[in-house]
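Here the numbering used here is used: the first residue of the sequence shown is 302, the next is one more, and so on. Ideal Cβ placement from N, Cα and C applies to all residues, glycine included.
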Amino acid sequence: MNRTGNDRAGALTNPVLVGASIVIALVIGVFLSYNANKGLPFVQTYKLTADVPDAAELVVGSEVRIGGFRVGQVNGIEAVPPKDDKPPYAHLLMDLDGTITGIPADTVVRVRPRSLLGAKFVELEPGTGKQLASGAALPLGNARATPELDETFNTFDAATRKGLQGTIRAFGDATAGRGPDLNRSIAAMRRLLPPLQRVSATLADKRTNLDGFVAGVASAMGALAPVSDDLGRLFRNGAVTLKAIDGAGPALEQGLARLPATEALGTTALRDITPAAGDLADLAVALRDGTTKLPSTVDRLSRALAAGTRTLRRTSRFTAPLTRTLQSLEVIATDARAPSALAGLTTTVRLLRPTLTDLQAAQLHCNVGGLFARNTSSAVTRGDALGSWLSFVPIMRSQQSDHERKPDPDLHVDTVPTLNGTECESGNEPYSPGQVIGSPAGAQPNTTEETRPPADATARAAKAGLLDRIPGATR
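Below, the structure is given as structure tokens:
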């Protein structure tokens, strides 16, 4: 039985048939949508599995990308527990586009963040090795870890995070209201990009050793870390200095303009003083030994000046007598006979100098003056009503008082005893059997008996201010 056009129109207007068709279409659409994450049916795919240390919150349906382009999706994630010394890892099942016929065996696998909201995707970085057929597996050694964003931020402590916030806030304040300037800067970047590409290519070259440079900078920063406070003060002080330079204004510019002429003049002056500098260096070398003795010399000079100060305070009482003495010397100096008298005095002093030199040594070491004065005074301190006696004890034999043709065999006489800084024969002559005329054999001691001034004499000297204190003993 043939259907007419009215029959076909009635079928299309049948609500039951139309509703059933819509339900079937919706079921088919939901089925296809539900299975879209696992790949559309009847579409050829390239099967690939990969092991990664951490799935990093990947989900079924996450994208698989090569060079930033989507080439497939993750259709399964399996957790593999640890075994022996092997840590746990994740096993990924991926379906790639059928246009891909092979993946190199050294392809690198990374799980990377897709956005700040936490979505992830799998990145494949093909190598140059042997091509793997569909269904191949990439081992755990091909996986590379990617730091998570939260782990990156966790590397900063509270102070650093606060500092970054301040930096970002200041950067926002700095760019606020400068939109046209930023646009002009971006337009000018076109001229910067070609040189920047050349610089980047140079840095990427292995011969540049960029890794070594970064390691060196890291070592330098590590060395500067202990002195960070000092560096902070340096920058703060530098800011003060730069502010002062800025405040100088045109004066600094004028000074820099005159600097070449000043430098030329300074070069000429330095060239001229080079010989003097050399002589000064030689003088400094020559003075090096003397400078080591300078501290002790200064101490002694200080003590001498202190003693001289006390002495000068006490010389005021001698000023008047000294004035009269100088007046008398003036009369003598203006006398016409003074030159001849001074000439004779000079001759006398020159003749007496050897004698005084010997007498000085004899007095300093042998105390000849003190012993002579003491012995002479003690020799006449005894006597009677008729006068003082000269007391002495001769040590001699009676035969030595007679006149003989030859000296006595036991005669001991030293008419000119040695009295100097090395030997004091008077009072130190040893007794030797037989005849000894002249200096005894051998060297005698260079000291003799010490003498002391009378107690009343030192007391009077101290009272007169001639002595700081009464000494224990003097020669």
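Legend entry - Cβ neighbours of Y390 in the same chain (closer than 7 Å, five flanking residues each side left out): Short of 7 Å from the beta carbon of Y390, and not among the five residues preceding or following it, lie these beta carbons of its own chain, in chain order: D352, V353, P354, V381 and L441.
Inset, instruction - Pull up the DSSP beta-bridge partners for F673, would you. - result: In DSSP, F673 forms no bridge with anything.
Legend entry - Residue(s) in a DSSP beta bridge with M395: M395 pairs with L349 and V375.
Legend entry - Where P708 falls: helix, strand or coil (DSSP): If DSSP states are grouped into helix, strand and coil, P708 belongs with coil.
Inset, instruction - Per DSSP, which residues does V423 bridge with? Please list them. - result: Answer by DSSP bridge pairing, in chain order: V365 and V412.
Legend entry - Residues bridged to D590 [DSSP beta-bridge criterion]: None; D590 has no bridge partner.
Legend entry - Cα-Cα separation, G671 to T752: The alpha-carbon of G671 is positioned some 6 Å away from that of T752.
Inset, instruction - Find out if the Cβ-Cβ distance for the pair N721, A662 is shorter than 7 Å. - result: Taking 7 Å as the cut-off, the Cβ atoms of N721 and A662 count as close.
Legend entry - The beta strand (DSSP E) enclosing L439, as first and last residue numbers: Looking at the DSSP string, the run of the beta strand (DSSP E) that includes L439 is A437 to L439.
Legend entry - Residues near M395 in its chain [Cβ-Cβ closer than 6 Å; skip 5 each side]: Result list for M395: L349, V365, G373 and V375, in chain order.
Inset, instruction - Starting from the C-beta of A765, find all residues in its chain whose C-beta is less than 7 Å away, skip the five residues before and the five after it, and write them out in chain order. - result: Excluding the 5 residues flanking it on each side, A765 has no same chain C-beta neighbour closer than 7 Å.
Legend entry - Whole-angstrom distance between V410 and T429, CA atom to CA atom: Roughly 14 Å separates the two Cα atoms.
Inset, instruction - Go ahead and pull the three-state DSSP assignment for K507. - result: Under the three-state reduction of DSSP output, K507 falls in the helix class.
Legend entry - Cβ contact (3+ pairs, closer than 8 Å) linking the region 397-412 and the region 443-462: Because the criterion of three Cβ pairs below 8 Å is met, the region 397-412 and the region 443-462 touch.
Inset, instruction - Could you round the C-beta distance between T346 and L397 to whole angstroms and report it? I think they count as a contact, below 8 Å. - result: Under the criterion of beta carbons closer than 8 Å, T346 and L397 qualify as touching, at roughly 6 Å.
Inset, instruction - Output yes or no for whether 7 Å exceeds the beta carbon distance between E726 and T719. - result: Between E726 and T719, the C-beta spacing is below 7 Å.
Inset, instruction - Going by DSSP, name the residue or residues bridged to H713. - result: Residue pairing by DSSP places H713 opposite V737 in a beta bridge.
Inset, instruction - Going by DSSP, name the residue or residues bridged to F370. - result: Bridge partners of F370 according to DSSP: I367.
Inset, instruction - To the nearest angstrom, report how far apart L341 and L497 are at their CA atoms. - result: Low confidence applies here, because L341 scores a pLDDT of 48, under 50, leaving its location unreliable; read the following figure in that light. For L341 and L497, the distance between alpha carbons rounds to 45 Å.
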